[in-house]
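Just so it is clear: in the sequence shown, position 312 is 316 by the numbering used here, and no numbers are missing. Beneath this line is the structure, given in structure tokens, with notes to follow.
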Amino acid sequence: MLEHGGRLREAARRFKRPVEQWLDLSTGISPFAWPVPALPQSIWQRLPETDDNLSGVACDYYGAPAALPVAGSQAAIQALPLLRANSRVGVLEPTYAEHTEAWRRAGHAVRSVTQAELPQLLGELDVLVVVNPNNPTGRRLDAEQLLGWHAELAARAGWLVVDEAFMDVTPEHSLAGFTDREGLIVLRSLGKFFGLAGLRLGFVLAAPALLGQLEKALGPWAVSGPARAVGLAALRDASTQQLWRYRLQNASERLDALLTRAGLSGGAGCALFQWRESECAERIYLNLARQGVLVRLFPVLNGLRFGLPNHQRDWERLEQALNTSMRQRK
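This is how it looks when you write it as structure tokens:
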């Protein structure tokens, strides 16, 4: 199993601090959780039914021609490689490691590629996987460039897979509206923007024929009844979505300024997290953890990903812990 953020109990054991005493900023999940309503008892008693128009509501929300609900975008990441014969797959790095793992596990020839290498290497690939905005660096690529890569791949029956798990705050940059094009596959996650990661609900946006293949591969009842009900309500709640975009953008800008004041400048990020690189990244991570503040360390990149605090006391705690950590980083 690859390492991910959010492993709070493991951190509690390692640093000998009770779970309830931590400030967990190790994920890119919104700190603002969409208010889940009480669900009818029947939803828990009955098998999920797929004629609830969840796909249609998702199409309206994402601006996509077709959508398939899945048990979190991770389910699609693992299943999509099974739909192709052995292929030459490029993963734009650095990025979310589960993509490389899934394609390699399915027997494909996988290589890491950088943006600078792509003009020379794209002709050698059958599939290109891109996370946009990128996790963990926050890099965002222009739609025009992505569509150009897709056109070259599609001309030889190739795929462009774009993981847009962190795109909800900036939907104007999404490729969702172009997913009727063969070979363009967009993954979306409901959990991150709505703060409902435990729900395990995501969507695949692609041409109907491919969605049919994926649905068959995933089998019946791939998404639970409660997840479908909550997803329907959240995707229809336009007023909260607008509020969340405003709050998340403001919080990300505030976090950027806080990190810069503390001495971690020149970073990047998106509306759900901030990214910083430092030669002292591991020391800063350890110093924060000893104070009960958990962030995500990427040792190979000398990088740290900071999620968003919620309450004012959390902001103050982060700032104090970070200032202490920066003084002790060497």
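By construction, the Cβ of each residue, glycine as well, lies at the ideal position given by its N, Cα and C atoms. Quantities reported herein were computed from a predicted structural model and do not represent experimental measurements.
Unbroken beta strand (DSSP E) run spanning residue i, endpoints
i	result
residue 311	307-311
residue 167	163-167
residue 207	206-209
residue 116	113-117
residue 96	92-96
residue 222	Element bounds for residue 222: not the beta strand (DSSP E) but the alpha helix (DSSP H), 212-222.
Boundaries (first-last residue) of the alpha helix (DSSP H) holding residue i
i	result
residue 59	58-66
residue 73	Unbroken run through residue 73 is the beta strand (DSSP E), 71-74; no alpha helix (DSSP H).
residue 106	101-109
residue 132	Careful: residue 132 lies outside any alpha helix (DSSP H), inside the beta strand (DSSP E) at 131-135.
residue 150	147-158
Straight-line gap, residue i to residue j (C-alpha atoms, nearest Å)
i	j	result
residue 271	residue 133	24 Å
residue 278	residue 269	11 Å
residue 146	residue 306	26 Å
residue 24	residue 17	12 Å
residue 140	residue 273	8 Å
residue 152	residue 171	20 Å
residue 226	residue 167	20 Å
residue 177	residue 242	19 Å
residue 188	residue 158	8 Å
residue 302	residue 223	35 Å
residue 27	residue 240	31 Å
residue 193	residue 163	20 Å
Given residue i as reference, the closest of the options once Cα atoms are compared
i	options	result
residue 98	135, 82 and 70	135
residue 117	101, 94, 67 and 102	94
residue 30	316, 15 and 304	15
residue 327	19, 262 and 310	262
residue 129	180, 119, 114 and 137	114
residue 32	186, 52, 51 and 11	11
residue 321	294, 308 and 300	294
residue 150	175, 169, 160 and 182	182
*Start-end ranges of the alpha helix (DSSP H) lying completely within the segment 20-54, minimum 4 residues*: 45-49
*Report yes or no: do three or more beta-carbon pairs, one from the segment 88-103 and one from the segment 251-267, lie closer than 8 Å?*
Output reads no: the segment 251-267 does not touch the segment 88-103.
*At 3 residues or longer, and completely inside the segment 228-284: list those beta strand (DSSP E) runs for me, N to C.*
272-274 and 277-281
*How about the segment 203-211 and the segment 69-78: do they share at least three Cβ pairs that are nearer than 8 Å?*
Counting Cβ pairs under 8 Å, three or more are found: they touch.
*Can we say the segment 229-238 touches the segment 98-110, given the rule of at least three CB pairs closer than 8 Å?*
no
*Pair every Cβ in the segment 283-291 with every Cβ in the segment 43-50, then say whether three or more of these pairs are closer than 8 Å.*
The segment 283-291 and the segment 43-50 do not touch, with fewer than 3 CB-CB distances between them shorter than 8 Å.
*Is there contact between the segment 49-68 and the segment 236-252, where contact requires at least three CB pairs shorter than 8 Å?*
yes
_Length at least 4, wholly inside the segment 172-209: the alpha helix (DSSP H) runs in chain order_ = 194-198
_Validate contact between the segment 207-217 and the segment 26-43 using beta carbons, cut 8 Å, 3 pairs_ = With contact defined as three or more Cβ pairs closer than 8 Å, the segment 207-217 and the segment 26-43 are not in contact.
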